[in-house]
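Peer 1: My questions will all concern the structure given below.
Number of protein chains: 2
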Amino acid sequence: MARLPIYHRVLSQITERGIITVSSEELAAASGVSSAKLRKDLSFLGSYGTRGVGYDAAYLLYQIQRELGLTQDWPVVIVGVGNLGHALANYGGFANRGFRVVGLIDADPALVGETITVGRDGQTLMIHSLDDLEKIVTEVDALIGVIATPAAAAQDVCDRLVDCGVTSILNFAPVVLTTSSAVHVRKVDLATELQILAFHEQRRGDAHEVIV
Amino acid sequence: MARLPIYHRVLSQITERGIITVSSEELAAASGVSSAKLRKDLSFLGSYGTRGVGYDAAYLLYQIQRELGLTQDWPVVIVGVGNLGHALANYGGFANRGFRVVGLIDADPALVGETITVGRDGQTLMIHSLDDLEKIVTEVDALIGVIATPAAAAQDVCDRLVDCGVTSILNFAPVVLTTSSAVHVRKVDLATELQILAFHEQRRGDAHEVIV
DNA sequence: ACCTGTGAAAGCCTTCACAGCA
DNA sequence: TGCTGTGAAGGCTTTCACAGGT
Numbered sequence: 001m002a003r004l005p006i007y008h009r010v011l012s013q014i015t016e017r018g019i020i021t022v023s024s025e026e027l028a029a030a031s032g033v034s035s036a037k038l039r040k041d042l043s044f045l046g047s048y049g050t051r052g053v054g055y056d057a058a059y060l061l062y063q064i065q066r067e068l069g070l071t072q073d074w075p076v077v078i079v080g081v082g083n084l085g086h087a088l089a090n091y092g093g094f095a096n097r098g099f100r101v102v103g104l105i106d107a108d109p110a111l112v113g114e115t116i117t118v119g120r121d122g123q124t125l126m127i128h129s130l131d132d133l134e135k136i137v138t139e140v141d142a143l144i145g146v147i148a149t150p151a152a153a154a155q156d157v158c159d160r161l162v163d164c165g166v167t168s169i170l171n172f173a174p175v176v177l178t179t180s181s182a183v184h185v186r187k188v189d190l191a192t193e194l195q196i197l198a199f200h201e202q203r204r205g206d207a208h209e210v211i212v
Numbered sequence: 213m214a215r216l217p218i219y220h221r222v223l224s225q226i227t228e229r230g231i232i233t234v235s236s237e238e239l240a241a242a243s244g245v246s247s248a249k250l251r252k253d254l255s256f257l258g259s260y261g262t263r264g265v266g267y268d269a270a271y272l273l274y275q276i277q278r279e280l281g282l283t284q285d286w287p288v289v290i291v292g293v294g295n296l297g298h299a300l301a302n303y304g305g306f307a308n309r310g311f312r313v314v315g316l317i318d319a320d321p322a323l324v325g326e327t328i329t330v331g332r333d334g335q336t337l338m339i340h341s342l343d344d345l346e347k348i349v350t351e352v353d354a355l356i357g358v359i360a361t362p363a364a365a366a367q368d369v370c371d372r373l374v375d376c377g378v379t380s381i382l383n384f385a386p387v388v389l390t391t392s393s394a395v396h397v398r399k400v401d402l403a404t405e406l407q408i409l410a411f412h413e414q415r416r417g418d419a420h421e422v423i424v
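Chains A and B, in that order, give the protein sequences.
Using the numbering used here, read the first sequence as starting at 1 and increasing by one per residue.
Using the numbering used here, read the second sequence as starting at 213 and increasing by one per residue.
Here's what the structure looks like:
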């Protein structure tokens, strides 16, 4: 379920504050969902709550971690180290959730060979040539790939990643990737998100005009 | 509808290639949806197709642009010019879809006063202090705000943006923002996206184990 | 012959409401 | 009494299938 990561984050914060038990009502409010929805979601994992009391925060957190696969370490390769790829490589939120950026690949010869900081601990990683994609991915044994290339390059990169055994892809390029159905592709399109907001803004404006 | 931006992008590419008419089947395939779904979506806008023929690509594109509010120009303010904010400011995909980054704000005094390139045309924009948020937002009359700050600062920034009249917010900080229901908030959480992929990866592994 | 537009059916997700247990 | 777990109801989205134009 797509909401588990949210519960995971909220529970992390709650346990850090030393809270032992939490009710579905409280957890739901902090996650921005209804309590009924939250209980349905959690019941999908099993019965980890206590009637009349609530959920043991630490235990529930562990169960969600297990379900999300955060008890293990996922090597991630980022292809395309432009502004966005750079931001992703630097993003501190990955490390403490089980993701380790272990490969950086870019087509620009000016970038190849440069080392950049990965995560927040000051570790550095060298940028490799697109020609070495197969070598790098196989070497680090990555199952997850991030595509932060221009749109034109994305499909080719995707095909090559899949050929090397990558089975999950996070795509930031504004194209619809076609792959075998065995590969999981998620897309994040920054411009699309803004367009959806603009759409609502405009509707708001239309409504106003009618009122006026 | 959340899929209109995808159709918009696909149609842009199609018209650039000089194609005049397009069937629901073709457009759906290029957009990664079923043809029935696409026709339902488009019928929501009105009857812009011709039975037995298909859709006039240019005309349909215009109608979608109008519906999405892309025929007008949306001033956007970005708060938080770290790696991600920087990437967003530089992102070329905004300009040609009606979005104009007109304000950059950051709390870090080291960044304030610096000018960075915005969009792909080499225009530059100065980074302003968080203290001047109200002044800047009012000045440029932005209705759309992007929050790319650390999690701890996000809610405060959000409140201040809303107070200045911002009614749509794109939030990259990993927190659930609470606002008046009149404000549209969309959230993009990079770590969450990876977690969802890892979730599927793990399920895949589980299935394997059962088979073995 | 071909392709759109759309009612009807099916499926999925959310909400309600309460039984059941601490 | 209080809160979880869950059937049942309701609403929304997708798919089906075909009538209706060109």
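Positions of the beta carbon are idealized from the N, C-alpha and C atoms, including for glycine.
Here the structure is a predicted model, which means the values were calculated and not measured.
1) For residue 78 (chain A), report the span of its beta strand (DSSP E) as first-last.
2) At the 7 Å Cβ level, is residue 51 (chain A) part of the contact set with chain B, yes or no?
3) Answer yes or no: does any C-beta atom of chain B fall closer than 7 Å to that of residue 194 (chain A)?
4) Indicate whether residue 185 (chain A) and residue 169 (chain A) have their beta-carbon atoms separated by less than 7 Å.
5) With three or more C-beta pairs closer than 8 Å as the rule, is the segment 305 to 319 of chain B touching the segment 282 to 293 of chain B?
6) Taking only the alpha-carbon atoms, compute the straight-line gap between residue 376 (chain B) and residue 247 (chain B) and give it to the nearest angstrom.
7) Kindly indicate which three-state DSSP category residue 196 (chain A) falls into: helix, strand or coil?
8) Quick one: give me the first and last residue of the alpha helix (DSSP H) that residue 11 (chain A) is part of.
9) Whose C-beta lies closer than 8 Å to the C-beta of residue 258 (chain B) among residues of the same chain, with five residues either side of it excluded?
10) Looking at the C-beta of residue 25 (chain A), does it have a partner C-beta in chain B at a distance below 7 Å?
11) Which of helix, strand or coil does DSSP assign to residue 318 (chain B)?
12) Chain A beta carbons: is any one of them nearer than 7 Å to that of residue 378 (chain B)?
13) Ordered along the chain, which non-local residues of its own chain (more than five positions away) have a Cβ less than 7 Å from that of residue 300 (chain B)?
14) Which partner residues does residue 56 (chain A) have in the DSSP bridge list?
15) For residue 311 (chain B), write down the residues that DSSP places opposite it in a beta bridge.
16) Assuming residue 179 (chain A) and residue 157 (chain A) are in contact, meaning their beta carbons sit under 8 Å apart, how far apart are those beta carbons, in whole angstroms?
17) With a threshold of 7 Å between beta-carbons, can residue 83 (chain A) be considered close to chain B, or not?
18) For residue 265 (chain B), count neighbouring C-beta atoms within 10 Å of its own C-beta (all shown protein chains included) and say buried if the count is 16 or more, exposed if not.
19) Going by DSSP in three states, residue 143 (chain A) sits in which element: helix, strand or coil?
20) Counting contacts by CB-CB distance shorter than 7 Å, is residue 280 (chain B) in contact with chain A?
21) Take residue 112 (chain A) and list the residues in its own chain whose beta-carbon comes closer than 7 Å to its own, dropping the five residues that flank it on each side.
Peer 2: For this structure:
1) 74 to 79
2) no
3) yes
4) yes
5) yes
6) 43 Å
7) helix
8) 4 to 16
9) 275
10) no
11) strand
12) no
13) 290, 358, 360
14) A:21
15) B:286
16) Contact doesn't hold; Cβ gap of about 12 Å is too wide.
17) yes
18) exposed
19) coil
20) yes
21) 106, 127, 128, 129
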